[in-house]
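Asks:
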Amino acid sequence: MRQPEHALVFVGSLNCAVPHFAAAHGCGITTLAIDERTGKLEPLAEVGGMDNPTYLAISPARKILYATSEVFGAPEGSIAAYSFDDATGAMTPLGERRPTRGSLTAYCSTDREGRHVFVANYAHETPEELPGRHVVSLPVRADGSLLEAAEEFAHRGAGPHADRQGVPHAHCIAVSPDNRFALVTDLGADTVSTYRIDADGSGLLPPFIEPLRVSPGSGPRHLVFHPQLARVYLVNELNNTLCRLDYDVANGALKVGQVIDALPADCAPSHAADIAVSRDGRWLYASFRGADCIGVYALGTDGDITGRRQLHTSGGKTPRSFALSPANRYLLVANQDSDRLVVWKLDGETGCIVEKADECDIGTPMCVKTHA
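The sequence shown begins at 518 in my numbering and counts up by one.
Structural data, given as structure tokens:
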């Protein structure tokens, strides 16, 4: 039973073998509580029965968790809904699992009213794969369960890295603060597309402006909105750069305003993974697999990335995902290939990691999310 000063932590794990991942030691989805005073973790509950729940999203409007299933070789992934008990962390399946209309489902999110769930399908490196949809919208019933996909879209394009960019690879779908647009990164096509949100209808409408094209071979992976400014931050997996994107709130258009190398030139070969901005908008965080570190970057009052402040060990191998605690006092890192969730204390003034607060063994953690 969690206490009032505790927040919930959800971790999705790999439990079925996938060729491009080293191991699959997970059980499914694990719920923990984190004490916002000390950073200590308390395991609460586990739920299995789903193959590779590798990405999670929490509805902002209700106590519902959505989890995507990523299975190598299958033409479609799936997505499931779970209600959760705010006190015990116990999860209960809701309704039917729904197919995602594309393979290697990599990401899910909801609109800000919790009426639609959006999915990004990474897809196999296979031209003309069917059903081959990269972006999907699923309506949400009143109880939080999902209906079949209402809208689905396929991307086109490729990049210069034939082994990773032979076909489109949608990797993230992030909703704008005003709930009017959804930005979709495509690692394969080196683009960020602006979809329109149809809150009273099918969930998504196709883009009506040209996608943003980043430098060829960048491999855009994840992005995040600034909490106060019309700025978006993008982390590129293949060249380990960070972009500050200028965001037009009127039509969702994007423009590259700044590009920096996220890692020093002498750093170990790496692939960028996750990104987050502090609640006060002063600090940007990114994780890197290979160097196995967390980068801390300062943000100016205008949203510029003003410099790298710290590269700190992630506390394990392959930091695929991380999350800030709701009070922004701690940073929780899912170290995929060390079977370990690590909690790092943050300095409130500098934004930097100062010490390890706790750690917990979890098999092949792939995604971590927190909930106040």
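Quick reminder that beta carbons are idealized off the backbone N, C-alpha and C, glycines included.
DSSP state of Q853, grouped into three classes?
Replies: Mapped onto the sequence shown, residue 853 falls at position 336. Correct three-state label for Q853: helix.
Asks: Of all the options V564, V701, T818, which has the alpha carbon lying nearest to the alpha carbon of G545?
Replies: Indexing the sequence shown from 1 puts residue 545 at position 28. Per the Cα distances, V564.
Asks: Suppose you measure from the CA of K723 to the CA of S838; what does that come to, to the nearest Å?
Replies: In the sequence shown, counting from the first residue as 1, residue 723 sits at position 206. In the sequence shown, counting from the first residue as 1, residue 838 sits at position 321. According to the sequence shown, residue 723 is Pro rather than Lys. For P723 and S838, the distance between alpha carbons rounds to 29 Å.
Asks: Which class does R796 belong to by DSSP, given the choice of helix, strand or coil?
Replies: Locating residue 796 in the sequence shown gives position 279, where the first residue counts as 1. Residue state, collapsed to three classes: coil.
Asks: Extract the residue ranges of the beta strand (DSSP E) inside the stretch 535 to 580, only unbroken runs of 3 or more that lie entirely within it.
Replies: Counting whole runs of 3 or more residues, the stretch 535 to 580 contains the beta strand (DSSP E) stretches 546 to 552, 558 to 564, 570 to 575.
Asks: Using C-beta distances below 6 Å, list every residue in its chain close to G736, excluding the 5 sequence neighbours before and after it, in chain order.
Replies: Here residue 736 refers to the residue found at position 219 of the sequence shown. Within the same chain, G736 has close Cβ partners L704, N753, E754, L755.
Asks: From S600 to L664, what does the alpha carbon distance come to, in whole angstroms?
Replies: Position 83 of the sequence shown holds residue 600. Position 147 of the sequence shown holds residue 664. Spanning the two alpha carbons is a distance of roughly 16 Å.
Asks: Looking at C-alpha atoms only, which residue of Q745, L828, P656 is the closest neighbour of T818?
Replies: For the purposes of this step, residue 818 is identified with residue 301 of the sequence shown, where counting begins at 1. If we check each option's Cα against that of T818, Q745 comes out closest.
Asks: Quick one: which unbroken beta strand (DSSP E) runs of 3-plus residues sit fully inside the stretch 755 to 832? Chain order, please.
Replies: Entirely contained in the stretch 755 to 832, the beta strand (DSSP E) runs reaching 3 residues are, in chain order, 758 to 764, 771 to 778, 788 to 794, 800 to 806, 810 to 816, 822 to 830.
Asks: Across which residues does DSSP place R468 in a beta bridge pair?
Replies: Here the chain has residues from 518 to 889 only, and residue 468 is not among them.
Asks: Give the single residue among R761, A541, V657 whose Cα lies nearest to the Cα of R629.
Replies: Counting from 1 along the sequence shown, the entry for residue 629 is found at position 112. Residue V657 is the option with its Cα nearest to R629.
Asks: Is it true that the stretch 773 to 792 meets the stretch 706 to 726, where meeting means three or more beta-carbon pairs spaced less than 8 Å apart?
Replies: No: fewer than three Cβ pairs fall under 8 Å.
Asks: Can you give me the Cβ contacts of P786 inside the same chain, cut-off strictly under 6 Å, excluding the 5 residues immediately before and after it?
Replies: Here residue 786 refers to the residue found at position 269 when the sequence shown is read from its first residue. Contacts found: G807.
Asks: Taking the CB atoms as reference points, tell me whether E587 and T622 lie closer together than 9 Å.
Replies: Residue numbering aside, residue 587 sits at position 70 when the sequence shown is read from its first letter. Residue numbering aside, residue 622 sits at position 105 when the sequence shown is read from its first letter. Taking 9 Å as the Cβ cut-off, E587 and T622 qualify as a contacting pair.
Asks: Alpha carbon to alpha carbon, how far is V776 from A793?
Replies: Here residue 776 is taken as the residue at index 259 of the sequence shown, counted from 1. Here residue 793 is taken as the residue at index 276 of the sequence shown, counted from 1. Distance between the alpha carbons of V776 and A793 is about 17 Å.
Asks: Please return the same chain residues whose Cβ sits closer than 8 Å to the Cβ of D797, not counting the five positions on each side in sequence.
Replies: For the purposes of this step, residue 797 is taken as the residue at position 280 of the sequence shown. Cβ within range, chain order: P744, N845.
Asks: With burial defined as no fewer than 16 other Cβ atoms inside 10 Å of the residue's Cβ, what is the status of L573: buried or exposed?
Replies: Along the sequence shown, read from residue 1 onward, the residue named residue 573 stands at position 56. Buried.
Asks: Run through the DSSP bridge pairs and tell me what H633 is partnered with.
Replies: Counted from its first residue, the sequence shown places residue 633 at position 116. BP columns for H633 point to P656.
Asks: Between S576 and the rest of its own chain, which residues show a CB-CB distance below 6 Å, the 5 nearest in sequence each way excluded?
Replies: Start at 1 with the first residue of the sequence shown, and residue 576 comes out as number 59. T627, G631.
Asks: Around the Cβ of Q520, are there at least 16 other Cβ atoms within 10 angstroms (buried) or fewer (exposed)?
Replies: Translated into the one-based positions of the sequence shown, residue 520 becomes position 3. Q520 should be labelled exposed.
Asks: Among the residues of its own chain, which have a CB less than 8 Å from the CB of E522, if the five just before and after it don't count?
Replies: Here residue 522 refers to the residue found at position 5 when the sequence shown is read from its first residue. Cβ within range, chain order: D552, E553, R554.
Asks: Are the stretch 602 to 619 and the stretch 693 to 702 touching, with three or more C-beta to C-beta distances below 8 Å?
Replies: No, because fewer than three Cβ pairs between the stretch 602 to 619 and the stretch 693 to 702 fall closer than 8 Å, the two stretches do not touch.
Asks: Name the one or two DSSP bridge partners that K873 has.
Replies: Here the question's residue 873 lines up with position 356 in the sequence shown. Answer is W861.
Asks: Restricting to Cα atoms, I'd like to know which of K557, A578, R579, A597 is closest to D568.
Replies: Within the sequence shown, numbered from 1, the residue matching residue 568 stands at position 51. Among K557, A578, R579, A597, the Cα nearest to that of D568 belongs to A597.
Asks: Please state if the CB of G720 and the CB of H651 are separated by a distance shorter than 9 Å.
Replies: Here residue 651 corresponds to residue number 134 of the sequence shown, with the count starting at 1. Here residue 720 corresponds to residue number 203 of the sequence shown, with the count starting at 1. Against a cut-off of 9 Å, the Cβ pair of G720 and H651 comes out as no contact.
Asks: Counting C-beta neighbours from all protein chains within 10 Å, is the total for E645 16 or more, i.e. buried, or is it exposed?
Replies: Stepping through the sequence shown from its first residue, residue 645 is reached at position 128. By the neighbour-count rule (16 or more Cβ atoms within 10 Å), E645 is not buried but exposed.
Asks: Would you kindly work out how many angstroms separate the C-alpha atoms of A874 and K862, rounded to a whole number?
Replies: Indexing the sequence shown from 1 puts residue 874 at position 357. Indexing the sequence shown from 1 puts residue 862 at position 345. Approximately 6 Å, taken between the alpha carbons.
Asks: Pick from P536, A789, G543, A550: whose alpha carbon is nearest that of T887?
Replies: Residue 887 sits at position 370 when you count from the first residue of the sequence shown. Of the candidates P536, A789, G543, A550, the one whose C-alpha sits nearest the C-alpha of T887 is A550.
Asks: Kindly give me the distance between the Cβ atoms of N757 and A789, rounded to whole angstroms, as I take these residues to be in contact under 8 Å.
Replies: One-based indexing of the sequence shown puts residue 757 at position 240. One-based indexing of the sequence shown puts residue 789 at position 272. Yes, they are in contact, since the Cβ atoms of N757 and A789 sit about 5 Å apart, within 8 Å.
Asks: CA-CA distance, L759 and G824?
Replies: Indexing the sequence shown from 1 puts residue 759 at position 242. Indexing the sequence shown from 1 puts residue 824 at position 307. Answer to the nearest angstrom: the Cα atoms are 11 Å apart.
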